[in-house]
Amino acid sequence: MTLAILLAAGRGSRMGQPKAALDLLGLTALERCVAALRQGGAEEVRAVLAAGDEAGLAAAGRCRAVPVYNRDPSRGQTSSLKAGLSAGGPPASTWLLHTVDHPLLRSEDVSALLAACVPPHAIAVPVVGGRRGHPVAFSPEVASELLALEDEQPAHEVVRRYPPRVRRVERDNPWLVTDLDTPEDLAAALSELRQRESARASP
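Take any residue in the sequence shown, note its place counting from 1, add 10, and you have its number in the numbering used here.
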């Protein structure tokens, strides 16, 4: 079963509210992430939430994501990753790491990364305009390296540890490298979603 871990435990201090429950044209950021991950090939999505995040829990329930709680997200994003990996057992096949900061990913971005994460490559990262983004695909054996990190150590330390095993996957979706951090970012994301919906509606 292809696993995706969705990190959604941040407070969203610059946004003024947790990002998981942001309303993006009728769906929350968490729901949009889960939908794209599933459509791209993830069969199980574990959504890591801050303890007490009732809105995030409700969103996870609506999209049938498995909720996992991080009781102290202030320890760092890696603490949420480790919580997600530890819940329900380690991945047995290629798996994905994504963050709710990037809710405008597309299913084709997800499927391209899963397809690229094959030997001799143990990690596949999307690259847009020379910048690395999310989600990232990992082979199962990399999970133990991530679990060995201290909470304050970023996951990219593992990604950068041995460059030959990393495959760079060129994508054209700028939202893979654009965090949704501020109200201005939210306005831009809503504009992009309206354009996408308009394009789909055009004959």
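Where is the CB? At the ideal position from N, CA and C, for every residue including glycine.
Q. Span of the beta strand (DSSP E) holding LEU16?
A. What you label residue 16 is simply residue 6 of the sequence shown in a count that begins at 1. 13 to 18 is the extent of the beta strand (DSSP E) around LEU16.
Q | Sub-9 Å separation of THR188 and HIS112 beta-carbons | A | Walking along the sequence shown from the start, residue 188 turns up at place 178. Walking along the sequence shown from the start, residue 112 turns up at place 102. A contact, by the Cβ cut-off of 9 Å.
Q) Looking only at C-alpha atoms, which of ARG81, THR104 and PRO173 sits nearest to GLY20? A) Counting from 1 along the sequence shown, the entry for residue 20 is found at position 10. With distances taken between Cα atoms, GLY20 lies closest to ARG81.
Q. Counting only runs that start and end within the segment 39 to 65, where is the alpha helix (DSSP H) found for 4 or more residues in a row?
A. 39 to 50
Q: Go ahead and pull the three-state DSSP assignment for PRO173.
A: Position 163 of the sequence shown holds residue 173. The answer is helix: DSSP assigns PRO173 an H, G or I state.
Q) So what does THR192 bridge to, in DSSP terms? A) Working through the sequence shown from its first residue, we reach residue 192 at position 182. Looking at the DSSP assignment, THR192 forms no beta bridge with any residue, so it has no partner.
Q | Identity of the residue in ALA125, GLU162 and THR88 nearest HIS108 by Cα | A | On the sequence shown, residue 108 is found 98 positions in, with the first residue counted as 1. Looking at the Cα atoms, THR88 is the closest of the given residues.
**Q.** Inter-residue spacing [alpha-carbon to alpha-carbon] between ASP33 and ARG42
**A.** Position 23 of the sequence shown, counted from the first residue, corresponds to residue 33. Position 32 of the sequence shown, counted from the first residue, corresponds to residue 42. Cα to Cα, ASP33 sits roughly 10 Å from ARG42.
Q) Taking DSSP as the reference, what is the three-state secondary structure of GLU151? A) Here residue 151 corresponds to residue number 141 of the sequence shown, with the count starting at 1. Coil.
Q.
What does the Cβ neighbour count give for ASP119, buried or exposed, with the cut at 16 atoms within 10 Å?
A. As a position in the sequence shown, residue 119 is number 109, starting the count at 1. So ASP119 ends up on the buried side.
**Q.** First and last residue of the uninterrupted beta strand (DSSP E) at LEU95
**A.** Numbered from its first residue, the sequence shown carries residue 95 at position 85. Note, LEU95: premise wrong, no beta strand (DSSP E); alpha helix (DSSP H) at 87 to 96.
Q) From LEU114 to ALA158, what distance separates their C-alpha atoms? A) In the sequence shown, the residue the question calls residue 114 occupies position 104. In the sequence shown, the residue the question calls residue 158 occupies position 148. Take the alpha-carbon of LEU114 and the one of ALA158: they are about 30 Å apart.
Q. ASP63: buried (16+ other C-beta within 10 angstroms of its C-beta) or exposed?
A. The residue given as residue 63 occupies position 53 in the sequence shown. Buried is the call here.
(Q) Check whether the segment 138 to 149 and the segment 176 to 193 touch, using three or more Cβ-Cβ pairs below 8 Å as the test. (A) yes
Q.
Tell me which residue opens and which closes the alpha helix (DSSP H) that VAL120 is part of.
A. On the sequence shown, residue 120 is found 110 positions in, with the first residue counted as 1. Unbroken alpha helix (DSSP H) run through VAL120: 117 to 126.
Q.
My assumption, with CB atoms under 8 Å, is that VAL110 sits in contact with VAL176. Please give the rounded CB distance.
A. Against the sequence shown, residue 110 aligns to sequence position 100. Against the sequence shown, residue 176 aligns to sequence position 166. The Cβ separation is near 24 Å, so there is no contact.
Q: Look at the alpha carbon of MET91 and the alpha carbon of SER84, and state the distance between them as a whole number of angstroms.
A: As a working mapping, residue 91 is identified with position 81 in the sequence shown. As a working mapping, residue 84 is identified with position 74 in the sequence shown. For the sequence presented, residue 91 should be read as Leu rather than Met. Rounded to whole angstroms, LEU91 and SER84 show a C-alpha spacing of 13 Å.
Q: Determine the contact status of ALA126 and ALA147, defining contact as a CB-CB distance below 9 Å.
A: For the purposes of this step, residue 126 is taken as the residue at position 116 of the sequence shown. For the purposes of this step, residue 147 is taken as the residue at position 137 of the sequence shown. Yes, they are a contact pair.
Q: Would you identify the three-state DSSP class for ARG74, choosing helix, strand or coil?
A: Counting from 1 along the sequence shown, the entry for residue 74 is found at position 64. Reduced to three states, the DSSP call for ARG74 is coil.
Q.
Please list the terminal residues of the continuous beta strand (DSSP E) segment that includes PRO28.
A. For the purposes of this step, residue 28 is taken as residue 18 along the sequence shown, with counting starting at 1. It is not in any beta strand (DSSP E) - PRO28 carries neither H nor E in the DSSP assignment.
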